[in-house]
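Notes follow once the structure below has been shown.
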Amino acid sequence: MNKLSYLIRIQNLSVLYSGIKVLNNVSLDVTQGETIALVGESGCGKTTLANAILRILPEIASVDNNSKVLYKLGNNYLEIIHLPHTLFRTQIRWKEISMVPQSALNALNPTIKVKDHFIET
Numbered sequence: 001m002n003k004l005s006y007l008i009r010i011q012n013l014s015v016l017y018s019g020i021k022v023l024n025n026v027s028l029d030v031t032q033g034e035t036i037a038l039v040g041e042s043g044c045g046k047t048t049l050a051n052a053i054l055r056i057l058p059e060i061a062s063v064d065n066n067s068k069v070l071y072k073l074g075n076n077y078l079e080i081i082h083l084p085h086t087l088f089r090t091q092i093r094w095k096e097i098s099m100v101p102q103s104a105l106n107a108l109n110p111t112i113k114v115k116d117h118f119i120e121t
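All letters in the sequence shown, in the order written, are residues 1 to 121 by the numbering used here.
Written out as structure tokens, the structure is:
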């Protein structure tokens, strides 16, 4: 895929839990305006992939150093997996990239606006 056509490019994303690889070299391109759905059985890594991209993995998890996630921000591509945490948290997470939990009916409070669910505290 042409470098200029993707909004996010995931290259060889691997995640380890306590040193055990649970995601192995996931690669994926998403073009601007494209909608994707991650579908699979329970425990196959859908949430782990999303959490890795958003950098909200539990403390026992780590992303392999060879993993890359490139995100188009304006005219530039940022390698967001290895950005300083403060920069990622203030510039990218919930502003540029977000997710709706798998069981949204159980996780989202219907009495508040959806955007308020994603405010970082």
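Glycine included, each C-beta is placed from N, C-alpha and C at the ideal position.
- About 6 Å separates the CB atoms of Leu-54 and Ile-97; that is less than 8 Å, so the two are in contact.
- Taking each of Ser-62, Leu-83 and Ile-60 in turn and checking the Cα distance to Val-69, the smallest one comes out for Leu-83.
- Per DSSP, Asn-76 lies in no alpha helix (DSSP H); the unbroken beta strand (DSSP E) holding it starts and ends at 76–79.
- The residues Ser-14, in chain order, have a CB closer than 7 Å to that of Lys-21 in the same chain once the five nearest residues on each side in sequence are set aside.
- Cβ neighbours of Ala-61 within its own chain (closer than 7 Å, five residues either side excluded): Val-15, Leu-16 and Tyr-17.
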